[in-house]
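For reference, the structure discussed in these notes is given below.
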Amino acid sequence: MKLWLLRHARVQLPGGLCYGASDVPADPELTLAAARHWAPQLPGEALWRVSGLGRAQQLARAIRSLRPAWPVPVIDARLNEMDFGRWELAPWDRIARRDFDDWMLDFAHHRFGGAESTQMLIDRVAQALTEQRRAAPRQAVWVTHAGVIRAVCYLARGGTLPIPGVGHWPREAPEPGGGLCLDV
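In this note's numbering, the protein residues as written are 15 to 198.
Below, the structure is given as structure tokens:
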């Protein structure tokens, strides 16, 4: 199956903030620009899923406005970005180094910010990916977030469960409004 992974456009927040599960909007003009870029490239017959967060749904709606005959995407909260708990919307430079170090020491299971661990993110993404494969589409499109895209990349290259450590986590993700296509 070919899986297209699109990341929402840049959010309307100042730089340097930790955000994941916070439902912050994306820049409307950048969202439309991303939609115009992706709409001609994406397969119309694909099964579509979109994160439950508004910034991803903005991009899915914008693409569909350019291709109204395409199916309405299924909203799937398993495609939401990682929940950073008490660190949501905090400046990265105000998060204690010890909190960050604790996460890096137990990258799989430490709940950075007290909410969700990296392994919890990987597990829910793996569940969504397995379900998508069972539906047996030739192509699928997910409109989602950097953490989810990294989790799919980790799983697609045969990553073990649980993830052994931060060194195994993909560092690269598409820029906001960008995307990639994988054979999964």
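No residue lacks a Cβ here, since even glycine has one placed at the ideal position from N, Cα and C. These figures come from a predicted structure and were not determined experimentally.
- With contact defined as three or more Cβ pairs closer than 8 Å, the region 77–89 and the region 52–69 are in contact.
- Beta-bridge partners of residue 126 (DSSP): 130.
- Taking a C-beta distance under 9 Å as the contact criterion, residue 92 and residue 138 qualify as a contact pair.
- Contact annotation: the region 111–129 does not touch the region 59–71, with fewer than three C-beta pairs closer than 8 Å.
- Under the DSSP definition of a beta bridge, residue 197 partners with 16.
- Here DSSP, grouped into helix, strand and coil, assigns residue 55 to coil.
- According to the DSSP assignment, residue 31 belongs to no alpha helix (DSSP H), since it is labelled neither H nor E.
- In the three-state scheme derived from DSSP, where H, G and I count as helix and E and B as strand, residue 38 is classed as coil.
- Of the residues 88, 132, 69, 168, the one whose Cα lies closest to the Cα of residue 146 is 88.
- With a contact defined as Cβ atoms closer than 8 Å, residue 15 and residue 188 miss out at about 19 Å.
- In the DSSP assignment, residue 111 falls within the unbroken alpha helix (DSSP H) covering 111–119.
- Going by beta carbons, residue 31 and residue 104 fall inside the 9 Å limit.
- The residues 154, 196, 198, in chain order, have a CB closer than 6 Å to that of residue 17 in the same chain once the five nearest residues on each side in sequence are set aside.
- Its Cα nearest to that of residue 43, the residue 77 stands out among 99, 178, 136, 77.
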